[in-house]
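Below is one structure, written out as structure tokens; the observations come after it.
Numbering (this note's numbering), first residue to last: 54 to 491.
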């Protein structure tokens, strides 16, 4: 056992290098920073939910829809009569995220014991499609629904009803809530839960695949170049009567072909998955039986949330350029590895950057961040790929074009740097500086 303990201690000491410890510390700091940012966002969402509570019941009987609208507005619940409402309200940046609209004879039907419960139309404003925290705000908090039903029940009580009167059915179910989504000036009757599921699929599943492919691709390329360096294959290759620029270009071209295959394969798989998801929902009414409800697929198209082929091509190009940048950087980092065991250390920086950018763009709307924070994120070419879907859904082709141009520029610079390294003997002597243990 003593011999085994000595061997185990030796192996652990070989694995726990200063570089590994440093990478772990940096990763912890990244998660602490992300946690602080997300905590602040969740606190804001919690404050919004707490604000939607009734402070008092009506002091006088409510007998008209106008009085009900005035009462709800006093309670902080934006409401309009049908004749006074216009969807252009949501074009203002200060517009409320949700608005209730009542038919002019709503209260008359509410106080009548006959007939079905009257309908209330809830307009939900989808500001943008970036970040899970922003998307999920589309669904009104439960306190909003509860406050609305409490208000309507109080109307039945102050209007002459009671829990023992013929209005008991109205008291139990005052109204039916019909939901409509407003996005970019377009309106569709679609369940916010269904819409959120679709947007999360668009913004998270595909980006997650890109993130995973980037990690595996970087590991593969760095391992390949480190293997050649350790086995002296790279040294032999460089001694052949072949221009070194050809060697560097062939490696970058191979990385590009691999990136292209990855993009095509997982884009095709995701398209099939998304079509299947839409097919399941296509026959279901988007607004739970509303007479003007569209099917889910038609509603998404009407809102402009289904990318046309041209936009899909732009997204694919952005993903391809992002992968090329990742693989190019991984190739250079792989030259710093002295052997296979050093690959994990050299690719840790790019893995940490990818992880941080993925989580930030997953939960937050980058465009809503302060200017300096946005510029810092835009310096990384991978950011532009992570946010390309939300930009295309918003028809922001200028931002997409600038992102593609920047990604192409960074790849050209990486390619030129690779050529420069291969034209010198440093391609064989590059290694990480050793950190001494105290």
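Backbone N, C-alpha and C fix where the C-beta goes; we use that ideal spot for every residue, glycine too.
What are the start and end residues of the alpha helix (DSSP H) that includes residue i?
i           : result
residue 177 : Taken as a continuous stretch (DSSP letters only), residue 177 belongs to no alpha helix (DSSP H), being part of the beta strand (DSSP E) at 172-178.
residue 258 : Taken as a continuous stretch (DSSP letters only), residue 258 belongs to no alpha helix (DSSP H), as it is neither H nor E.
residue 468 : 450-475
residue 161 : 159-163
residue 394 : That residue, residue 394, is in no alpha helix (DSSP H); it is neither H nor E in DSSP.
residue 443 : 441-446
residue 246 : 245-253
residue 121 : 118-127
residue 425 : 424-431
Are the beta-carbon atoms belonging to residue i and residue j less than 8 Å from one another?
i           : j           : result
residue 443 : residue 181 : yes
residue 305 : residue 463 : no
residue 264 : residue 445 : no
residue 310 : residue 475 : no
residue 439 : residue 260 : yes
residue 319 : residue 274 : no
residue 173 : residue 142 : no
residue 121 : residue 208 : yes
residue 268 : residue 313 : no
residue 197 : residue 151 : yes
residue 386 : residue 399 : yes
residue 355 : residue 447 : no
residue 204 : residue 272 : no
How should residue i be labelled, buried or exposed, when 16 other C-beta atoms within 10 angstroms of its C-beta is the threshold for buried?
i           : result
residue 215 : With a pLDDT of 45 at residue 215, under the threshold of 50, the predicted position of this residue should be treated as unreliable, though the coordinate-derived value follows. With fewer than 16 other Cβ atoms within 10 Å, it is exposed.
residue 437 : buried
residue 61  : exposed
residue 89  : exposed
residue 389 : buried
residue 375 : buried
residue 65  : exposed
residue 418 : buried
residue 245 : buried
residue 473 : exposed
residue 232 : buried
residue 282 : buried
residue 416 : buried
residue 171 : buried
Return helix, strand or coil for residue i, following the three-state DSSP convention.
i           : result
residue 240 : strand
residue 285 : coil
residue 152 : strand
residue 358 : coil
residue 89  : helix
residue 133 : strand
residue 230 : strand
residue 235 : strand
residue 277 : helix
residue 388 : coil
residue 61  : helix
residue 181 : coil
residue 436 : helix
residue 374 : helix
residue 209 : helix
residue 304 : helix
residue 346 : With a pLDDT of 40 at residue 346, under the threshold of 50, the predicted position of this residue should be treated as unreliable, though the coordinate-derived value follows. If DSSP states are grouped into helix, strand and coil, residue 346 belongs with coil.
residue 415 : helix
residue 167 : coil
residue 406 : helix
residue 364 : helix
residue 478 : coil
residue 268 : helix
residue 140 : helix
residue 382 : helix
residue 77  : helix
residue 293 : coil
residue 113 : coil
Is residue i close to chain D, meaning its C-beta is less than 8 Å from at least one C-beta of that chain?
i           : result
residue 160 : Checking the listed chains, one finds no chain D in this structure; it contains a single protein chain.
Figure out for me which residue from the options has the closest Cα to the Cα of residue i.
i           : options               : result
residue 317 : 365, 303 and 209      : 365
residue 200 : 425, 456, 132 and 385 : 132
residue 167 : 116, 384, 137 and 227 : 227
residue 500 : 427, 404 and 155      : Here the chain has residues from 54 to 491 only, and residue 500 is not among them.
residue 145 : 125, 179 and 116      : 179
residue 383 : 287, 369 and 308      : 308
residue 230 : 159, 283, 260 and 262 : 159
residue 465 : 410, 394, 380 and 451 : 380
residue 125 : 74, 206, 469 and 78   : 206
residue 163 : 143, 135, 234 and 116 : 116
residue 252 : 400, 127, 357 and 59  : 357
residue 392 : 277, 413, 411 and 352 : 277
residue 457 : 296, 177, 432 and 285 : 432
residue 368 : 321, 161 and 250      : 321
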